[in-house]
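J.:
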Amino acid sequence: MKKTMLRKPKGFVDVYVHKAGAEKDRTHYCPGCGHGILHKLIAEAMEDLDIVDDTILISPVGCSVFAYYYFDTGNFQAAHGRAPAVATATSRANPNKVVISYQGDGDLAAIGGNNIVQAANRGENIVVFFVNNAIYGMTGGQMAPTTLEGQVTTTTPYGRNVDTDGYPMRMCEVISQLTAPTYVERVSLHDAPHIRKTRAAVRKALQNAKERKGFQFVEVLSTCPSGWKMDPVKSMEWVKEKMLPLYPLGVYRDKGDEARVITRPVPVMDPAEVWKKLGISAEADVDFPRGDVADEYKKMSIRVAGFGGQGIMVTGQALASVALEYGYNVSWLPSYGPEMRGGTANCSVNIQDGTIGAAEAVKPTMLLAMNRPSLEKFEKTIVPGGTLIYNSTLIDIEPVRKDIKIFPVPITGIADDKLGNIRVQSLVNIGAYAAITGMFKVEDVVKLLPKLFKGKKQSIIDLNAKAVKAGFDYVKENF
Amino acid sequence: MTDAKYPRSEVNLDKCKGCGLCIAACPKKVLVFSPKLNSKGYHYAEYVGSGCVGCGNCFYNCPEPDAITVYLRNYDPEKEV
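Next comes the structure, spelled out in C-alpha cells:
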C-alpha cells in the first residue's frame, strides 16, 4: 500500500513505558544521534514487512543498550560484546523469529570481536546492525578499534597512533572473508540519499531474515556529535570527508538468492522434556528405604581430600550416587590440578534433604583425609562437632582438634593387606562412612556396585563389594 | 484541484531536539529554526508554511521517532483511520 504519510513507525512502542524518568515520549539519544535515524529505519522496515511481533532484538552495551525502551519487539540485553552469542541462542531456540543483534563499534569490534566472527562463520540466522561511529560514545568518546588514524579521542589526545594503537578495523571486509554470511553491506547516514540507501539495506537484511536466509551484516557509518564534540550537521560532513575514504561503502557480499534455509536442531526448553530425553524421572527415584540416621549426619557437607590417584573423586561420586538412591539431594564438586596422578585432589559432596546452596564444602561437617597434607590443610575447616575420618596408614601425625569426632581408619592398609589391591580404597571409604553415619547399608551399596562400575569385570565388582564390607567391619569392630 | 495543504511537513515542537539535520536535508529550504524555544530549551525546527514537496528527507534524517510527520501529496484526512 502506498504511504500517505511518514510518521512514527509502528515498530516503536507508543509510549516508552520502560524508560526511566518522566519523559516517556522521546528518546534518550543526544540531538543529531545516528542511532535515532537507524532506529527509525529499522522500526519502519519491521512495520512494512509485518515482522514486529516476530522479532527479538538483542540490545548491546553502549548508548543503544536502551533499544528496549523503544522497539515493540522481544528483547534481551546482552553483556558487552556478547550480543551475537545471545542472538545465536535466541535464534536457535526460536527458529521462526527474526533476531536482530544491534551493536556499536566498541561492542562489536573490540570486546565482542571474536563473538561476531564466530557467529558470522556459523552463518547464524541473525541480522547484525553494526553502528560504526569511530569511538566509544556512551563512555565519553574513547578510542575504539574503528577510530581513524590521527583521530583525537579522550584516550588518544595526540591522535590515534597506528604504531602503538593499530589500524582502524574494517569489519565488513573481515566478515566478508568468511564463507557463511549471506549479505554484507556498508552504508552511511551522512546525507539524505545515503540514508535512503541505508533504508534499502535495512529492508533487504530484514527481508532476508524473514526468509531465514542466514547471516546478514549491515555496517552503518554513523555520527556521535556529543563524543566528537561537533554540531550534528558538521558531524555528517565529517563522516563524508573522513570516514568514507577509509570505510568504502558498498555491498561486500550478496548471495541472498542462492542462500538455503538451514534447519538446525531446536534446543529442548521444557524441563519435563529434558528429563524425558535423558531417560530419567523428574520425581525422586528412591530405591532404598532409609535406616536410622543420627541427627548430626542428616545434613552432610563432606570434603574428601588426598593425592591424585587415591580414588578421591571416585569416593565423592560414590557417596553422592549412593545417597541419591536413598532420595537425598546431592552435589559433587571436584577440584584438582592439571596432573592426572600425583597432584593433590579434593572434592566436595553435599547430602541433605533440603535444597543445596553452595556446592563447595567450605566448612565441612565431615573431612575424609587420605594423606597428611590434606589433614593439615583441611582439619581446621571442619565445623565444631564435625567428624574426621583419616587414613591412619599414611598419616603419621595426630589431629590437633579436640572439638570433633575422630576416626583413624587404615584405609590404604585395609585395601592393600586385606584385599590385595590398593585401588579399592574408595569403597573402603564408603564402608567406613556407612558404619559411622548409618546412612547407607552395606547390602544396598553392594547392589549399586554394578551401576557404579558399569562396564567393569565382575571380579572388580566383587572385590569392591569386599572393600565396602571391610571398611564397614573395621569401624564397627574398632569404635 | 490541488489542495495546497499537502504535501506538508509538521514538526512536533516539544519532541524536537534542535539538531538541525532536517533543515540541512531539506532540498526546498522550507524548514527553519524557530526563534522560540521549546519546553526542553531548544530552538526547534518549523515549517515555513509552504513549498514542501513531500520528499521525506526531513523525516528520514530526523533521529527522533516522533518529532516530524510528513503528510504526502496523496494524504487525505478523511480517508485516514
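In order, the protein sequence lines correspond to chains A and B.
Note that the numbering used here numbers the first sequence so that position 368 is 353, with each residue one more than the last.
So the numbering used here is basically just the index in the second sequence, starting at one, shifted up by 53.
Just so you know, even glycine gets a beta-carbon here, dropped at the ideal spot from N, CA and C.
So which residues on chain E does B/E117 lean against when the C-beta distance must stay under 7 Å?
T.: Among the chains of the structure shown, chain E does not appear; the protein chains present are A and B.
J.: For A/P393, write down the residues that DSSP places opposite it in a beta bridge.
T.: Beta-bridge annotation (DSSP): A/P393 is paired with A/Y375.
J.: Using only alpha-carbon positions, find the residue among A/G6, A/G(-4), A/H20, A/H3 that is nearest to A/I41.
T.: A/G(-4)
J.: Based on the DSSP output, what are the partners of A/P319 in its beta bridges?
T.: Partner(s): A/C332.
J.: Does the pairing of the region 204 to 212 of chain A with the region 14 to 22 of chain A give three or more beta-carbon distances under 8 Å?
T.: yes
J.: Use the C-beta contact count for A/E29: other C-beta atoms within 10 angstroms, 16 or more gives buried, fewer gives exposed.
T.: Taking all protein chains shown into account, A/E29 has 16 or more neighbouring C-beta atoms within 10 Å of its C-beta and is therefore buried.
J.: Does any C-beta atom of chain A lie closer than 8 Å to the C-beta of B/F112?
T.: B/F112 counts as touching chain A.
J.: Going by DSSP, what residue range makes up the beta strand (DSSP E) through B/T122?
T.: 121 to 124
J.: Which one or two residues does DSSP pair with A/R145 in a beta bridge?
T.: BP columns for A/R145 are empty, so no partner.
J.: Alpha carbon to alpha carbon, what distance is there between A/V172 and B/T122?
T.: 25 Å
J.: Flag this pair as touching only if the region 188 to 198 of chain A and the region 237 to 244 of chain A have three or more C-beta atom pairs under 8 Å; answer yes or no.
T.: yes
J.: Using a Cβ cut-off of 8 Å (strictly closer), state whether A/H3 contacts chain B.
T.: No, because no Cβ of chain B sits closer than 8 Å to the Cβ of A/H3.
J.: Under a Cβ-count criterion, where at least 16 other Cβ atoms within 10 Å of its own Cβ denotes burial, should A/S86 be classed as buried or exposed?
T.: buried
J.: For A/H20, does the three-state DSSP call read helix, strand or coil?
T.: helix
J.: Three-state secondary structure (DSSP) at A/D338?
T.: coil
J.: Which residues in chain B sit within 7 Å of A/R(-8), going by Cβ to Cβ distance?
T.: Listed by position along chain B, the residues whose Cβ is nearer than 7 Å to that of A/R(-8) are T122.
J.: Is A/S266 buried or exposed, if buried means 16 or more other CB atoms sit within 10 Å of its CB?
T.: exposed
J.: Run through DSSP, which three-state label would A/M128 get?
T.: strand
J.: Under 7 Å Cβ to Cβ from A/L448, same chain only, skipping five residues before and after it: list those, please.
T.: Taken in chain order, the residues that qualify are L404, N406, V409.
J.: Please list the partners that B/Y128 has in chain A, where partner means a Cβ-to-Cβ separation under 8 Å.
T.: T(-11), M(-10)
J.: Are A/N117 and A/L26 closer than 8 Å when you measure CB to CB?
T.: Their beta carbons are not under 8 Å apart, which means A/N117 does not touch A/L26 by this criterion.
J.: Between A/A7 and A/K227, what straight-line distance do the alpha-carbon atoms span, to the nearest angstrom?
T.: Taking the straight line from one Cα to the other gives about 38 Å.
J.: What residues from chain B crowd round A/H24, counting only those whose CB sits closer than 9 Å?
T.: Think of a sphere of 9 Å around the beta carbon of A/H24: the chain B residues whose beta carbon falls inside it are P116, P118, in chain order.
J.: In chain order, what residues of the same chain lie with their CB nearer than 7 Å to the CB of B/T55, ignoring the 5 residues before and after it?
T.: Confidence in B/T55 is poor, its pLDDT being 43 and thus under 50, which makes the residue's placement unreliable; the coordinate value appears in the next sentence. Here the set comprises nothing.
J.: Could you give the distance in angstroms between the alpha-carbon of A/A348 and the alpha-carbon of A/S286?
T.: Just to set this straight, residue 348 of chain A is Lys in the shown sequence, not Ala. Near 8 Å, if we compare the C-alpha coordinates of A/S286 and A/K348.
J.: Would you call the region 51 to 60 of chain A and the region 95 to 107 of chain A in contact, with 3 or more CB pairs under 8 Å?
T.: No, the region 51 to 60 of chain A is not in contact with the region 95 to 107 of chain A.
J.: Does the pairing of the region 244 to 254 of chain A with the region 67 to 81 of chain A give three or more beta-carbon distances under 8 Å?
T.: Put simply, the region 244 to 254 of chain A touches the region 67 to 81 of chain A. At least three CB pairs are less than 8 Å apart.
J.: With a threshold of 8 Å on Cβ separation, who are the neighbours of B/E117 within its own chain once the five nearest residues in sequence on each side are excluded?
T.: K68, C69, K70
J.: CB A/V169 to CB A/Y237, shorter than 8 Å?
T.: yes
J.: Excluding sequence positions up to five away, which residues of its chain have a Cβ less than 6 Å from the Cβ of A/E134?
T.: Only R145, V147 meet the Cβ criterion.
J.: Would you check if there are 3 or more beta carbon pairs closer than 8 Å linking the region 367 to 385 of chain A to the region 306 to 320 of chain A?
T.: no
J.: Is A/S44 helix, strand or coil when you go by DSSP?
T.: strand
J.: Can you tell me the Cβ-Cβ gap for A/F200 and A/I111, rounded? I've got them flagged as a contact below 8 Å.
T.: Rounded to the nearest angstrom, the Cβ distance from A/F200 to A/I111 is 6 Å, consistent with a contact under 8 Å.
J.: State yes or no: is the C-beta of A/Y1 within less than 8 Å of the C-beta of A/K9?
T.: For A/Y1 and A/K9, yes; Cβs fall inside 8 Å.
J.: Relative to the C-alpha of A/M351, which residue among A/T340, A/V368, A/I341, A/Q337 is closest?
T.: A/V368
J.: Can you give me the C-alpha to C-alpha distance between A/K436 and A/V427, rounded to a whole angstrom?
T.: 15 Å
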